[in-house]
Amino acid sequence: MAIASRVSRLEADAARLRRDLADRDRAEADLRACLADSDARLAAALDENAKLAKERDSLAATVKKLTRNLAKVHPLLAF
C-alpha cells in the first residue's frame, strides 16, 4: 500500500510539473512574441527618426540658402 500511495503521489507531482512546464512554455512564447513586436516597433521608430533627422538637415540647409538669398535681395528692395 505504501508503494502505491508513493507512486500515486509521484505521478501527481509529475503531472503538476508537466502543467507548470506547459505554463512556462506558453509564457515564454508570449514574451518572445512581445519581444519581436517591440523589436519591430523599435526598428520602425529608429527608421522614422533617421528620416526626420535627414529632413531636418535638408530644411536647415534650405533655410540657410534662403537667408543668404534674402540678404542679397534685401538691399535691392530698399528702392
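For what it's worth, this note's numbering labels the leading residue of the sequence shown as 14, then goes sequentially.
Positions of the beta carbon are idealized from the N, C-alpha and C atoms, including for glycine.
- Shown here, residue 53 sits in a helix according to DSSP, grouped into three states.
- Taking C-alpha positions only, residue 39 is separated from residue 45 by approximately 10 Å.
- Annotated three-state conformation of residue 91 is coil, per DSSP.
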